[in-house]
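Residue numbers (the numbering used here): 57 to 378. Okay, structure first, notes after.
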Amino acid sequence: MPANEKKYDVVVVGELNVDLILSQLPQLPEAGREIFARRMDLTLGSSAGILAANLSRLGNRVVFLGKIGQDAFGQLVLEHLENAGVDTQYIIRDPLIPTGASIGLQHRDDRAMVTYPGAMDHLQFAELPLNVLKEARHLHFSAYFFQPRLRDDVNLLFATAQKLGLTTSFDMQSDPADRWDFPYANVLQHVDLFFPNELELTRVTKIPDVSVAIEHIRSHVAVMAVKRGSEGSITIHGSQTIHHPGYKSPGLVDAIGAGDSFDAGFIHQYLRNGSLEECQNLANMTGAWSTTAPGGTTAFTGLTNTVQYVRNQFRHASASPP
């Protein structure tokens with residue numbers, strides 16, 4: 057089926073939870089001491105959920121495959137996704153497992169996160185309606201370490217998608233256990249776009265120097281965009297290395313979901329046959345735009361607003377070498 061006749065642009069598979077964000081703290085809390093937050097926000101969380109919502113608001117047709125509980129948090133997740141235009145009909149509602157939640161503590165540009173996984177670590181490969189892949193152009197998977205029952209089948213998921221003609225992308229995310237056991241040589245052979253940040257890349261390769269880690273993994277990736285926070289990003293393709301300094305926010309609120317928003321911008325442009333430079337530039341725009349409002353999705357109202365605001369209000373950062 058030609059791409060323009062597909063029902064969906066992107067199938068997103070991954071974890072779902074809510075984020076309770078406590079911000080404007082005088083400091084991050086110490087053990088045994090209570091402090092006040094001056095702001096509280098309850099919003100859509102999870103890497104996959106934030107990416108799906110923002111991809112949809114950028115103008116893509118998005119469907120989500122995942123699992124939540126039959127509870128108030130699960131309903132909030134559905135409402136946020138549906139309000140963003142995401143198709144939620146295939147999300148499993150499990151009456152026996154509560155929806156996961158993350159509590160984010162934000163002090164200036166520093167933060168701490170505590171997550172209760174809930175339903176997110178109960179999703180299994182056998183539960184995924186893989187026929188949906190036939191109706192889509194692209195598959196994205198997030199949060200490898202948060203989904204232990206799906207982890208061993210990720211390679212099969214990507215391989216199945218590519219066999220059906222989909223392009224694929226992958227955001228590994230952090231490992232709460234800090235073991236970083238990830239068979240990247242096997243999994244990445246079926247991934248078109250790989251989106252680690254600097255810390256994740258050095259942890260998974262066991263190489264502390266970012267530049268050396270990039271060279272070590274270069275032969276295993278088709279395209280890799282390494283996220284560097286306020287210092288922009290580095291995109292790798294074959295022997296090509298593209299540095300982008302990123303955009304400096306005039307008013308940082310929080311950086312929750314900024315990396316997922318980066319992914320959304322990159323995928324959006326990639327699906328429109330943009331050059332790697334164009335993909336990377338929009339990704340840095342959407343990542344920066346995300347930091348102007350609480351949580352990972354609040355800032356997004358559409359592609360035109362994002363691009364115009366960043367061009368008018370942001371400036372390029374001065375990135376240092378990795």
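Glycine included, each C-beta is placed from N, C-alpha and C at the ideal position.
Range covered by the beta strand (DSSP E) that runs through residue i
i      : result
Gly156 : 156–163
Lys123 : 123–125
Thr223 : 223–227
Leu100 : 95–100
Thr297 : 296–300
Leu257 : Segment 254–261 is the alpha helix (DSSP H) holding Leu257; no beta strand (DSSP E) there.
Asn73  : 73–79
Arg149 : 148–150
CB of residue i within 8 Å of CB of residue j, strictly
i      : j      : result
Gly122 : Glu71  : yes
Thr99  : Phe120 : no
Gln180 : Leu206 : yes
Leu249 : Phe322 : yes
Met228 : Pro264 : no
Val277 : Ile292 : yes
Leu161 : Leu212 : no
Val74  : Leu132 : yes
Phe214 : Val247 : yes
Ser286 : His300 : no
Phe318 : Asn337 : no
Arg193 : Leu332 : no
Range of the contiguous alpha helix (DSSP H) that encloses residue i
i      : result
Asp316 : 314–326
Val210 : 210–219
Val133 : 128–139
Ser286 : Note, Ser286: premise wrong, no alpha helix (DSSP H); not H, not E.
Met169 : Here Met169 belongs to no alpha helix (DSSP H); instead the beta strand (DSSP E) covers 166–172.
His272 : 266–273
Leu179 : That residue, Leu179, is in no alpha helix (DSSP H); it is neither H nor E in DSSP.
Residue(s) in a DSSP beta bridge with residue i
i      : result
Val66  : Val118, His194
Ser112 : In the DSSP output, where bridge partners are listed per residue, Ser112 has none listed.
Ala281 : Thr291
Phe92  : Note: Phe92 sits in no beta bridge, so no partner.
Leu249 : Ser225, Val279
Asp143 : Val119
Rounded distance between the beta-carbons of residue j and residue i, thought under 8 Å
i      : j      : result
Pro204 : Asp237 : Between Asp237 and Pro204 the Cβ distance is about 11 Å, and since that is not below 8 Å, they are no contact.
Ile106 : Gly294 : Not confirmed; about 30 Å, so no contact.
Val142 : Ser112 : 5 Å
Val366 : His196 : Wrong, their Cβ atoms sit about 23 Å apart, outside the cutoff.
Distance cut-off 7 Å: residue i Cβ against heavy atoms of the ligand GTP
i      : result
Arg193 : With respect to small molecules bound, the structure shown includes none, and the ligand GTP cannot be examined in it.
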